[in-house]
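Participant: Sending over a structure as structure tokens; questions will come in a sec.
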Amino acid sequence: MTSGISDADDQRPRPEHALGHAPAPLDDTLPPGGGSTMLGDGPGGHSGGRSGLPDPTADDSDEAGSQVHLDSQEILDLNRRFAEVRRSVGALERQLLQGPRKYSRRDLTEQRGIPARLTAVYWRSLGFTPVDEDTVVFTDEDAYAIGELAGLVEDGTLSERAFASITRGLGFHMGRLAMWATEALVDEAKDGGRNDAEARLAMLDSVPDLLETLESQVMFTFRRQLAAYAARAGSEVLHRDTDELFPLQRAVGFADLVQFTRLSQDLSGAQLADVVGRFEAAGRDIISVGGGRVVKTVGDEIMFLADTPEDGAQIAVTLAETISADPDLPPVRVAFVWGSMFSRYGDVFGPSVNLAARMESVARPGTVLVDRDTAQAVAQALPGGFTASEGEGVDLHGIGAVTVHELTRDRSTPLNLGL
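For the sequence shown, the UniProt record's numbering assigns the number 1 to the initial residue and increments by one for each residue that follows.
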């Protein structure tokens with residue numbers, strides 16, 4: 001195990017990540033009369049007539065399976081709805097792509113001088129479906145973006161490995177952000193009384209008005225986060241003059257909702273989304289106020305970092321106190337370790353990370369577990385702030401026997417969450 005969240009022994013359901021695929025051609029890029037993609041002639045879709053709608057004259061036999069038969073008015077209503085969706089998506093796509101698709105991979109090589117291998121790596125690393133050499137899919141904006149980053153490889157500024165890594169990071173996080181932002185707009189529309197279909201149409205219509213603001217916020221946030229990371233990196237350089245295998249000293253922790261699997265079987269999709277959203281929002285607020293950073297969230301689990309033992313303790317204990325006291329959430333179990341690790345791909349790795357993840361899995365609901373070294377580091381950094389229980393030996397899968405302590409608040413001041 002590396003970061004502690006992915007584990008073959010952990011059978012809890014995990015949500016799909018937000019990597020996207022190349023957008024399907026829409027509007028004027030569809031073949032004439034090509035509405036067949038509307039109901040999904042692709043995987044999992046239904047191929048009926050040319051419009052993709054079920055054929056009401058089809059044979060009503062067992063071989064037809066569970067095919068839904070619609071009368072002519074229902075078909076007209078569906079076609080009207082699909083036409084509305086097509087117009088909204090087509091208009092939004094034209095604004096987002098800023099021009100028609102007019103280049104293939106071969107064209108980018110021959111006309112723009114972009115090596116074909118870099119185009120393929122770029123597109124795949126962004127999370128889009130690979131395309132063959134002669135499929136026309138790239139716009140002028142695509143050509144500029146690919147060429148700009150590929151140029152850094154060509155002039156030796158970046159290696160191909162760094163090129164692919166940066167692009168994967170952009171694809172993953174921008175894909176998730178796109179999903180996050182659009183679903184927030186859908187939820188906003190639902191709160192106004194619309195059903196899901198109406199809310200999604202409203203979202204499509206609202207994105208153009210918000211696009212400039214969203215783009216500027218993305219750039220602002222990236223610059224601020226980059227500045228904060230640069231400051232931390234500079235501090236590391238000043239305080240360390242050796243190149244260690246695990247050069248970063250951090251508090252790494254995990255918080256996990258108890259009995260989430262059973263809960264997911266008892267709640268509707270909307271109710272489950274509310275629970276996860278409430279947990280994640282509370283967790284992010286606590287971690288930010290406590291001076292830490294969220295590494296990632298995976299459904300019912302959140303992973304965080306902090307720069308000092310006392311910050312790690314404050315965050316971990318506040319997570320346990322606050323979330324376990326929320327009547328709308330199940331209790332949470334938490335563990336954190338002060339130790340060494342290294343960072344790659346926006347994640348952290350090392351024995352300390354593994355230890356924290358394993359300890360979290362055996363913590364009792366509403367409690368925080370630490371190992372002996374972490375308990376000592378917290379006591380030294382903030383004497384009297386927290387109390388560690390008497391040590392208890394546990395056998396952790398893949399690690400072995402470890403002495404763990406439950407950490408509770410003593411005289412430390414609780415975080416002012418302002419909530």
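Quick reminder that beta carbons are idealized off the backbone N, C-alpha and C, glycines included.
#1: Taking only the alpha-carbon atoms, compute the straight-line gap between T367 and L76 and give it to the nearest angstrom.
#2: Should R411 go down as buried or exposed, given a rule of 16 or more other Cβ atoms within 10 Å for buried?
#3: Measure how close the beta-carbons of S99 and E141 come, nearest whole angstrom, since I'm counting them as under 8 Å.
#4: Can you give the Cα-Cα distance for L70 and N195, rounded to whole angstroms?
#5: In three-state terms, what does DSSP make of R411?
#6: Is the segment 342 to 362 in contact with the segment 310 to 325, if contact means three or more CB pairs nearer than 8 Å?
#7: Which residue comes first and which comes last in the beta strand (DSSP E) that contains residue 474?
#8: Quick check on this structure: which residue in S125, M203, A145 and R224 has the alpha carbon closest to the alpha carbon of T167?
#9: What does the alpha-carbon distance come out to for the pair V404 and G391?
#10: Can you grab the Cα-Cα spacing for the pair N79 / E93, in whole Å?
#11: Pick from P208, E133 and R161: whose alpha carbon is nearest that of L97?
#12: Can you grab the Cα-Cα spacing for the pair T129 / T135, in whole Å?
#13: Along the beta strand (DSSP E) that carries residue 433, what are the first and last residues, could you check?
#14: Name the one or two DSSP bridge partners that Y388 has.
#15: Spell out a yes or no on whether the segment 280 to 291 and the segment 382 to 401 are touching, meaning 3 or more CB-CB pairs, one atom from each, closer than 8 Å.
#16: Can you find at least 3 beta carbon pairs, one from the segment 246 to 264 and one from the segment 333 to 347, that sit closer than 8 Å?
#17: Can you list, in chain order, the residues of its chain whose CB lies under 7 Å from that of D328, leaving out five sequence neighbours each side?
#18: With DSSP collapsed to three states, give me the class of L355.
#19: Any idea what DSSP makes of A335, helix, strand or coil?
#20: Please name the residue, chosen from G393, S159, Q314 and A189, that lies closest to V121 on a Cα-to-Cα basis.
#21: Mind checking who V289 pairs with in its DSSP beta bridge?
Facilitator: Put simply:
#1: Each residue's alpha carbon lies about 58 Å from the other.
#2: By the neighbour-count definition (other C-beta atoms within 10 Å, threshold 16), R411 is an exposed residue.
#3: According to the sequence provided, residue 99 is Gly. The question's Ser does not apply to it. G99 to E141, Cβ: 6 Å. Contact.
#4: Whole-angstrom Cα-Cα distance: 21 Å.
#5: R411: coil per DSSP, three-state reduction.
#6: Fewer than three pairs of CB atoms, one per stretch, sit closer than 8 Å, so the segment 342 to 362 makes no contact with the segment 310 to 325.
#7: Lying before the first or after the last residue shown, residue 474 is absent from the chain, which here runs from 1 to 419.
#8: Considering only alpha carbons, the answer is S125.
#9: In this structure, the alpha-carbon of V404 lies about 5 Å from that of G391.
#10: About 20 Å.
#11: It is P208 whose Cα lies nearest to the Cα of L97.
#12: For T129 and T135, the distance between alpha carbons rounds to 12 Å.
#13: Look at the range of the chain in this structure, 1 to 419, and you will see that residue 433 is not part of it.
#14: For clarity, residue 388 is Ala in the given sequence; the question names Tyr instead. As DSSP reads the structure, A388 sits in a beta bridge with L407.
#15: Output reads no: the segment 382 to 401 does not touch the segment 280 to 291.
#16: As far as the Cβ criterion goes, the segment 246 to 264 touches the segment 333 to 347, which means the pair count is three or higher.
#17: Cβ neighbours of D328 beyond the five flanking positions: R278.
#18: Annotated three-state conformation of L355 is helix, per DSSP.
#19: Three-state DSSP puts A335 in a strand.
#20: Of G393, S159, Q314 and A189, the residue nearest in Cα terms is S159.
#21: DSSP lists no partner for V289.
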